[in-house]
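When the count follows this note's numbering, it moves up by one through the sequence shown with no breaks and lands on 265 for the last residue.
The C-beta atom is built at its ideal place from N, Cα and C for all residues, glycine as well.
These notes concern the structure reproduced below.
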Amino acid sequence: MTQLPFPESLDLIAERSAALRSAVAAACDLELRVPGCPDWSLRDLVVHLGRVQRFWAAVVAAGPADGPPPASAVIEPEPHGDLSAWSAESTRLLLESLRAAGPDRDCWTWWGASEAPMTSGAVARHQVQEAAVHAYDAQETIGKPEPIPAGVAADIVDELLVVTLGSLGAWPHRSVRIALSALDGPTWTVDLTPGGARPGPAAGDEPLATMRASAGDLVLALYTRIPLDRIEIVGDREVIERFQAWTDTR
16 MTQLPFPESL
26 DLIAERSAAL
36 RSAVAAACDL
46 ELRVPGCPDW
56 SLRDLVVHLG
66 RVQRFWAAVV
76 AAGPADGPPP
86 ASAVIEPEPH
96 GDLSAWSAES
106 TRLLLESLRA
116 AGPDRDCWTW
126 WGASEAPMTS
136 GAVARHQVQE
146 AAVHAYDAQE
156 TIGKPEPIPA
166 GVAADIVDEL
176 LVVTLGSLGA
186 WPHRSVRIAL
196 SALDGPTWTV
206 DLTPGGARPG
216 PAAGDEPLAT
226 MRASAGDLVL
236 ALYTRIPLDR
246 IEIVGDREVI
256 ERFQAWTDTR
């Protein structure tokens, strides 16, 4: 599928980061545990996203590099003062760095083993996923989870299949083909082999198993935010269970 335009990715980073802060502001206690990341409190979740955004702001600003920037290049990675203000500044720093770079600037990324480009545009695309999933985490923590919009979710699935799966190396089980079918979007097939995961449009041999749900619920299932019982599985359920465990990036 065609990925979201760069300006739209920046808008979504801002929007989803603000949604996280809005949910946190409505919380009765920053020490509430986050269901999707049970080792974290709500405060930990805010700090995590802020650190991630400040780190990638430094990565993009550094431009072409063989490795991540030194810790000294990351601006104030530890929160201080008002947590919401520090979080908002984290988002601003990331967006400022991305706007200055534009979508095509080369930079270091951790996904060099995948087919995804190592560019500021790819960083922006990945940060939409980061902010969107963690906004959901914050909303779920206060008991008010909202669905990830279909167009955003479809792009997140597409990005995950290329970046995350492309960086995991060999599939540790027998070779299989599976499909992910969004009720409100596209269908992807994924060939899982000793050579790794190879995603593509629906074509060729029938998959052994299919995950079928809204694009938003596919995202949440792939990131283990909701159980597989919340989506439809056609075919070999065990294969999907292994796939979900393999892609768990918490």
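Practice problem: Identify the continuous beta strand (DSSP E) that holds Val249 and give its terminal residues. | Solution: Along the sequence shown, one-based indexing puts residue 249 at 234. Start and end: 247 to 250.
Exercise. Report, in whole angstroms, the separation of the C-beta atoms of Val75 and Arg120, which I expect to be a contact under 8 angstroms.
Key: For this step, residue 75 is matched to residue 60 along the sequence shown. For this step, residue 120 is matched to residue 105 along the sequence shown. With 8 angstroms as the limit, Val75 and Arg120 qualify as a contact, their Cβ atoms being about 7 angstroms apart.
Quiz item: Buried or exposed: where does Cys43 fall if 16 or more other Cβ atoms within 10 Å of its Cβ makes it buried?
Solution: On the sequence shown, residue 43 is found 28 positions in, with the first residue counted as 1. Exposed is the call here.
Exercise. Could you tell me which uninterrupted beta strand (DSSP E) segments, each at least 3 residues in length, are contained entirely in the region 178 to 252, listed from first to last along the chain?
Key: Taking only runs of at least 3 residues, the beta strand (DSSP E) segments lying wholly in the region 178 to 252 are 191 to 197, 202 to 208, 211 to 216, 224 to 228, 247 to 250.
Quiz item: Hey, which unbroken runs of the beta strand (DSSP E) at 3 residues or more fall wholly within the region 31 to 114?
Solution: Fully enclosed beta strand (DSSP E) runs of 3 or longer: 52 to 56.
Quiz item: What is the DSSP secondary structure of Thr124, reduced to helix, strand or coil?
Solution: Counting from 1 along the sequence shown, the entry for residue 124 is found at position 109. It is coil, neither helix nor strand.
Quiz item: Would you call Asp173 buried or exposed, if buried means 16 or more other Cβ atoms sit within 10 Å of its Cβ?
Solution: Here the question's residue 173 lines up with position 158 in the sequence shown. Asp173 should be labelled buried.
Self-check item: Close beta carbons around Pro164, own chain, < 8 angstroms, minus the five adjacent residues each side
Solution: By one-based count along the sequence shown, residue 164 stands at place 149. Within the same chain, Cβ atoms closer than 8 angstroms to the Cβ of Pro164 are found at Gly231, the five residues on either side in sequence being excluded.
Quiz prompt | Alpha carbon of Ser32 to alpha carbon of Asp251, nearest angstrom | solution = Counting from one through the sequence shown, the residue named residue 32 turns up at place 17. Counting from one through the sequence shown, the residue named residue 251 turns up at place 236. Counting only the Cα atoms, Asp251 lies some 37 angstroms from Ser32.
Quiz prompt | Close beta carbons around Glu161, own chain, < 6 angstroms, minus the five adjacent residues each side | solution = Numbered from 1 along the sequence shown, position 146 holds the residue referred to as residue 161. Result list for Glu161: Gln154, in chain order.
Practice problem: May I have the straight-line CA-CA distance separating Ser129 from Trp71, to the nearest angstrom? | Solution: Position 114 of the sequence shown holds residue 129. Position 56 of the sequence shown holds residue 71. Using only the alpha carbons, I get a separation of about 18 angstroms.
Quiz prompt | Unbroken alpha helix (DSSP H) run spanning Glu174, endpoints | solution = Your numbering for residue 174 matches position 159 in the sequence shown. Counting along the chain, the unbroken alpha helix (DSSP H) around Glu174 starts and ends at 165 to 174.
Quiz prompt | Bridge partner(s) assigned by DSSP for Thr156 | solution = Numbered from 1 along the sequence shown, position 141 holds the residue referred to as residue 156. In DSSP, Thr156 forms no bridge with anything.
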